[in-house]
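A.B. asks: Numbering (numbering that gives the first Met the number 0), first residue to last: 0 to 66.
Just so it is clear, CB atoms sit at the ideal spot from N, CA and C, and this is done for glycine as well.
Below is the structure I would like to discuss, written out as structure tokens.
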Amino acid sequence: MRYLGDTLLTKDLKGSYIPALARSWSVSGDGLTWTFQLRNDVKFHDGSPFNAQAVKASIERALSPDT
């Protein structure tokens with residue numbers, strides 16, 4: 000089953016990354032730290048806010064061995 004939801008970034012027809020749930024982003028010089036500016040006009044279907052805590056929870060869930 001594929002994840003049902005949007006992503007922080009997506010690719011355009013040329014294969015370049017473009018914003019989706021992130022308004023913008025930057026990458027550190029060593030490539031190890033990515034910083035995303037999140038859209039503030041997004042809510043989940045239950046009305047809860049899309050924010051940094053939600054992104055963190057999604058990443059932790061995806062990395063969990065139980066998932």
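Tell me, which residues are paired with Q36 by DSSP?
C.D. replies: S23.
A.B. asks: Within 10 Å of its beta-carbon, does A21 have 16 or more other beta-carbons around it, so buried, or fewer, so exposed?
C.D. replies: The residue in question, A21, is buried, as its Cβ has 16 or more Cβ neighbours within 10 Å.
A.B. asks: Compare the beta carbon distance of A19 and L7 with 8 Å and say whether it is the shorter of the two.
C.D. replies: In contact: A19 and L7 (Cβ atoms closer than 8 Å).
A.B. asks: Rounded to the nearest angstrom, what separates K10 and W24 at their Cα positions?
C.D. replies: In a straight line, the C-alpha of K10 is about 14 Å away from that of W24.
A.B. asks: What is the DSSP secondary structure of L62, reduced to helix, strand or coil?
C.D. replies: Residue state, collapsed to three classes: helix.
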